[in-house]
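Right, one structure below, let's go through it.
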Amino acid sequence: MSTLPAPPAGGFCAEAWDRTAGLQKAIEEHPFNVALADGSLQRDVFAFYIVQDARYLVGFAQALSAAAARADDAVDAAFLAGAAQGALIEERRLHAGYVAEFGLTDEEIAGIDTSPTCLGYTSYLRACALTESYPVLLAAILPCFWVYQHVGSTILDATGDIDGHPYKAWITTYADDEFAEAVLSARELTDKVAARADEATREQMFAAFARATEYEWLFWNSAWIKETWPTAKFLA
Ligand SMILES: Cc1ncc(CO)c(N)n1
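In this text, residue positions in the sequence shown follow the UniProt record's numbering: the first is 1, and each later residue adds one.
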């Protein structure tokens, strides 16, 4: 499975994707993803992205753990807790990969500031976990799954033969069947919870889905521009 089947018509996911179609296209066409797809992405830009992404994955795992704690169904709780573990395993893998791939020492990594966008996105997910309802939290989490699977599979479909591609590991991680299964589960769960939510909650869910998708765009963009804190110089 590379490209996912469309979500069931009339459900939350189908409408959420529809409402964000322009943004999803902008994500596909972002220069970072275009360069990632054709292999021309500069190594230092990718390294910046990977360091930020490892930090992002910790926040994502915290939001997933909070959702697991609030799930009223054991199967759903197991899925969410498993996804939290998966995100943390991926964080550890990326961490180990820094040294091997980019030759970054622990000290160098510690010296890289978490970018404003990375902090913004993870803080948003943590805030949803703490102050929003379970359905809204799920809607905020969903783009983290779905947008990545979409980008990974779109790149894989466009690339065809991936052997020898400099970013093969990244592309195949997000285009593989295991990740696709997780995305399908996340979509089904969100559709189920949205179907029993009231209209006001559903609207909040759409807003959270759109905001998190905006953060996905911002995250790639922040790596592309190697975003730093413009205020850092005042503290030096
Ligand atoms: C920013 C971001 N969003 C989603 C994923 C997929 O889990 C990721 N690794 N990073």
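Ideal Cβ placement from N, Cα and C applies to all residues, glycine included. Given the structure is predicted, the values throughout are model-derived calculations rather than measurements.
Counted within 10 angstroms of its Cβ, other Cβ atoms place residue i as buried (16 or more) or exposed
{"i": "residue 123", "result": "exposed"}
{"i": "residue 79", "result": "buried"}
{"i": "residue 163", "result": "exposed"}
{"i": "residue 234", "result": "exposed"}
{"i": "residue 89", "result": "exposed"}
{"i": "residue 187", "result": "buried"}
{"i": "residue 96", "result": "exposed"}
{"i": "residue 195", "result": "exposed"}
{"i": "residue 236", "result": "exposed"}
{"i": "residue 99", "result": "exposed"}
{"i": "residue 76", "result": "buried"}
{"i": "residue 229", "result": "exposed"}
{"i": "residue 231", "result": "exposed"}
{"i": "residue 131", "result": "exposed"}
{"i": "residue 105", "result": "exposed"}
Collapsed DSSP secondary structure at residue i in the structure displayed
{"i": "residue 25", "result": "helix"}
{"i": "residue 132", "result": "coil"}
{"i": "residue 229", "result": "coil"}
{"i": "residue 196", "result": "coil"}
{"i": "residue 106", "result": "helix"}
{"i": "residue 114", "result": "coil"}
{"i": "residue 166", "result": "coil"}
{"i": "residue 235", "result": "coil"}
{"i": "residue 191", "result": "helix"}
{"i": "residue 157", "result": "helix"}
{"i": "residue 177", "result": "helix"}
C-beta atoms of residue i and residue j nearer than 8 Å
{"i": "residue 224", "j": "residue 31", "result": "yes"}
{"i": "residue 152", "j": "residue 174", "result": "yes"}
{"i": "residue 47", "j": "residue 68", "result": "no"}
{"i": "residue 12", "j": "residue 190", "result": "yes"}
{"i": "residue 227", "j": "residue 117", "result": "yes"}
{"i": "residue 208", "j": "residue 129", "result": "no"}
{"i": "residue 145", "j": "residue 183", "result": "yes"}
{"i": "residue 54", "j": "residue 94", "result": "yes"}
{"i": "residue 211", "j": "residue 134", "result": "no"}
{"i": "residue 23", "j": "residue 217", "result": "yes"}
{"i": "residue 57", "j": "residue 91", "result": "yes"}
{"i": "residue 112", "j": "residue 51", "result": "yes"}
{"i": "residue 220", "j": "residue 33", "result": "yes"}
{"i": "residue 127", "j": "residue 149", "result": "no"}
8 Å contact criterion, which residue i and residue j should meet: CB distance rounded
{"i": "residue 198", "j": "residue 2", "result": "Not a contact, Cβ separation roughly 36 Å."}
{"i": "residue 205", "j": "residue 147", "result": "Between residue 147 and residue 205 the Cβ distance is about 16 Å, and since that is not below 8 Å, they are no contact."}
{"i": "residue 8", "j": "residue 17", "result": "No, residue 8 and residue 17 are not in contact; Cβ-Cβ is about 12 Å, not under 8 Å."}
{"i": "residue 121", "j": "residue 41", "result": "So it is not a contact: roughly 20 Å between Cβ atoms."}
{"i": "residue 213", "j": "residue 143", "result": "4 Å"}
{"i": "residue 154", "j": "residue 28", "result": "6 Å"}
Where are the beta strand (DSSP E) runs, 3 residues long or more, that stay fully inside the stretch 1-79, in chain order?
-> Fully enclosed beta strand (DSSP E) runs of no fewer than 3 residues are not present anywhere in the stretch 1-79.
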